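Notes follow once the structure below has been shown.
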Amino acid sequence: MDLKDGGLVKDFELERARYESFAATVSGLLERLLKAEEIGVHSISFRCKEVASLEKKITAKPSYPSLAHITDLAGVRVITHYSDDVDRVAVLVESEFSIDTDNSIDKRVALDPDRFGYLSLHYVASMNAERSKLREYSAFRGLKVEIQVRSILQHTWAEIEHDIGYKSTVQVPRHIRRKFSRLAGLLELADQEFVSIRTDLDAYENSIEGKESTEEALLDKVTYTSYVLNDSDCLGLDKVVAESCRYKLVEIIETEKCLAVCALLEIPTLGILSQQLNENRAAIILRAEIVAESRAGLPLADIGRGVCVFFLHQVIVAKSQNLELAKAYCALNDWSEEFVTYLMEFGADLISRNSTEVGESD
Numbered sequence: 007m008d009l010k011d012g013g014l015v016k017d018f019e020l021e022r023a024r025y026e027s028f029a030a031t032v033s034g035l036l037e038r039l040l041k042a043e044e045i046g047v048h049s050i051s052f053r054c055k056e057v058a059s060l061e062k063k064i065t066a067k068p069s070y071p072s073l074a075h076i077t078d079l080a081g082v083r084v085i086t087h088y089s090d091d092v093d094r095v096a097v098l099v100e101s102e103f104s105i106d107t108d109n110s111i112d113k114r115v116a117l118d119p120d121r122f123g124y125l126s127l128h129y130v131a132s133m134n135a136e137r138s139k140l141r142e143y144s145a146f147r148g149l150k151v152e153i154q155v156r157s158i159l160q161h162t163w164a165e166i167e168h169d170i171g172y173k174s175t176v177q178v179p180r181h182i183r184r185k186f187s188r189l190a191g192l193l194e195l196a197d198q199e200f201v202s203i204r205t206d207l208d209a210y211e212n213s214i215e216g217k218e219s220t221e222e223a224l225l226d227k228v229t230y231t232s233y234v235l236n237d238s239d240c241l242g243l244d245k246v247v248a249e250s251c252r253y254k255l256v257e258i259i260e261t262e263k264c265l266a267v268c269a270l271l272e273i274p275t276l277g278i279l280s281q282q283l284n285e286n287r288a289a290i291i292l293r294a295e296i297v298a299e300s301r302a303g304l305p306l307a308d309i310g311r312g313v314c315v316f317f318l319h320q321v322i323v324a325k326s327q328n329l330e331l332a333k334a335y336c337a338l339n340d341w342s343e344e345f346v347t348y349l350m351e352f353g354a355d356l357i358s359r360n361s362t363e364v365g366e367s368d
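Be aware that the sequence shown starts at 7, since it is given in this note's numbering, and climbs by one per residue.
Structure below.
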């Protein structure tokens, strides 16, 4: 067959735009399906085979009777964060597409344990009968797409393997193959350990969430988030601050920076945090009133829950009258020297107010 004059290459040149559109459509469909099933993935990408690549392929194997027998003209790749999510994606693909089982392969079970290489799942699929009847998919009836599913570590292996150019165990010295084999084992173990860590974190979060946290509980992302969302004193003070400043409370919680400031201010546990909120309640409300004055006339703005803790930090730093602490605090928040000066003045005012209140009570 003359590849440059008719034949499969010419057929593909005429059909390539349709295959490219098919790959993009399958990618978008998978993205929507995964979102509906709440399956988070690292990325979804698609590609259409280049004409030169097809020409090379059929030159090496000139036995394809038609384009329909070439299964990788359109391709979609789904990269998951965790290896067990590959199975969740697989269930979705098998339920939503028509699978060409003869040309699909699960390399995770197809490869022997001592074989070199890493593992991934390859489907050859097409739109199922129900979806092919829909107008938006009818143009792709009969087309096949290769859907590849692998974890991010499996993808890392494949990319490095491709970059090195390793394809044949015959061409690579034995001692180098052994290094690759050891690395494959390490990556597989790492994949399993990441799944284990995620499972342990989920279990820990479930053990904390919705429960009354103990005062001795150390502050971390889970305990702090649970405290902000469930502690009645924190919820009440958040509401007071939000109403005063014309803020709308939203579920976003800035945990990372908040925990860093708590560490700076030596607030290691929920008990100490709760104690500080209660002891400084009046000063926090005063700080909110000052912010409210600066926001006079401005529209309602979103603010993350735990805003009372954000103001608590300012109050503690201000009352300390420690200039170096104020500078460190402002540096953590990327604030200017002007705010350092403000905090010192605000703290002096708080101390003066407390002295006056004590004097009046005497």
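Glycine included, every Cβ here is placed at the ideal spot set by N, Cα and C.
As the structure is a prediction and not an experimental result, all values here were calculated from the model.
Identify the continuous beta strand (DSSP E) that holds residue i and give its terminal residues.
i    : result
F103 : 103–105
I85  : 80–86
L255 : 253–256
I309 : 307–310
F52  : 49–54
For residue i and residue j, I'd like the C-alpha separation in whole angstroms.
i    : j    : result
H48  : V84  : 8 Å
I50  : I158 : 11 Å
D88  : V201 : The sequence shown places Tyr at residue 88, rather than the Asp named in the question. Approximately 6 Å between the Cα atoms of the pair.
S27  : I273 : 56 Å
E37  : E61  : 31 Å
M350 : C314 : 20 Å
D120 : R156 : Because D120 sits at a pLDDT of 42, beneath the cut-off of 50, its placement in the model cannot be relied upon, and the following sentence gives the value as read from the coordinates. If I take the Cα positions, the gap works out to 20 Å.
L356 : F316 : 17 Å
G46  : L39  : 11 Å
E330 : R301 : 29 Å
K16  : D78  : 17 Å
R293 : V321 : 8 Å
G123 : A131 : Summary for G123: the model assigns pLDDT 46, below 50, so the residue's position carries little reliability, and this model does not support an answer.
L2   : V323 : No answer is possible for residue 2: it lies beyond the span of the chain, which begins at 7 and ends at 368.
Y143 : K63  : 28 Å
A74  : F18  : 10 Å
A42  : I291 : 42 Å
G303 : S250 : 13 Å
T1   : A248 : Limits of the chain in this structure are 7 at one end and 368 at the other, which puts residue 1 out of reach.
M133 : I182 : 43 Å
E257 : S232 : 12 Å
S358 : E222 : 33 Å
L276 : G34  : 44 Å
T65  : E56  : 14 Å
A29  : V267 : 48 Å
E211 : A135 : 42 Å
L279 : C240 : 10 Å
Y25  : V32  : 10 Å
G353 : D208 : 41 Å
I111 : R147 : 23 Å
K325 : N360 : 11 Å
G191 : C54  : 32 Å
I166 : S104 : 32 Å
P71  : R188 : 42 Å
T205 : L14  : 49 Å
I69  : Y129 : A small fix is needed here, since residue 69 is Ser in this sequence, not Ile. Looking at the two C-alpha atoms, the distance is approximately 22 Å.
For residue i, report the span of its alpha helix (DSSP H) as first-last.
i    : result
A332 : 329–338
G34  : 13–42
E61  : 57–66
E299 : 287–300
R137 : 135–138
E262 : 261–270
I170 : 158–170
G109 : The sequence shown places Asn at residue 109, rather than the Gly named in the question. From DSSP, N109 is part of no alpha helix (DSSP H); its letter is neither H nor E.
I273 : No alpha helix (DSSP H) holds I273; DSSP gives it neither H nor E.
T231 : 227–236
K325 : 313–326
Please report the Cβ distance between residue i and residue j, rounded to the nearest whole angstrom; I am assuming they are in contact, meaning their Cβ atoms lie under 8 Å.
i    : j    : result
V151 : V82  : 6 Å
V99  : I153 : 6 Å
K254 : D308 : 5 Å
Y113 : S126 : This sequence places Lys at residue 113; Tyr is not what is there. With a Cβ gap of about 6 Å, K113 and S126 count as contacting.
A80  : L20  : Contact flag wrong, Cβ pair sits at about 15 Å.
R252 : L306 : 5 Å
V95  : T86  : 6 Å
Say yes only if the C-beta of residue i is nearer than 7 Å to one or more non-hydrogen atoms of the ligand MN, and no if none qualify.
i    : result
R141 : In the structure shown, the ligand MN is absent, as is every other ligand, since no ligand is present at all.
From the beta carbon of residue i, is the nearest beta carbon of chain B less than 8 Å away?
i    : result
V313 : Included in the structure is just one protein chain, with no chain B present.
(request) Inspect the CB distances between the stretch 335–348 and the stretch 284–300 and report whether three or more fall short of 8 Å. (result) No: the two stretches stay apart, fewer than three of their Cβ pairs being nearer than 8 Å.
(message) I'd like to know if the stretch 340–348 and the stretch 256–273 are in contact, where contact means that at least 3 CB-CB pairs between them fall below 8 Å.
(response) The answer is no - the stretch 256–273 does not touch the stretch 340–348, with fewer than three Cβ pairs under 8 Å.
(message) With three or more beta-carbon pairs closer than 8 Å as the criterion, would you say the stretch 192–206 touches the stretch 225–232?
(response) In this structure the stretch 192–206 does not lie against the stretch 225–232, because fewer than three pairs of beta carbons, one per stretch, are closer than 8 Å.
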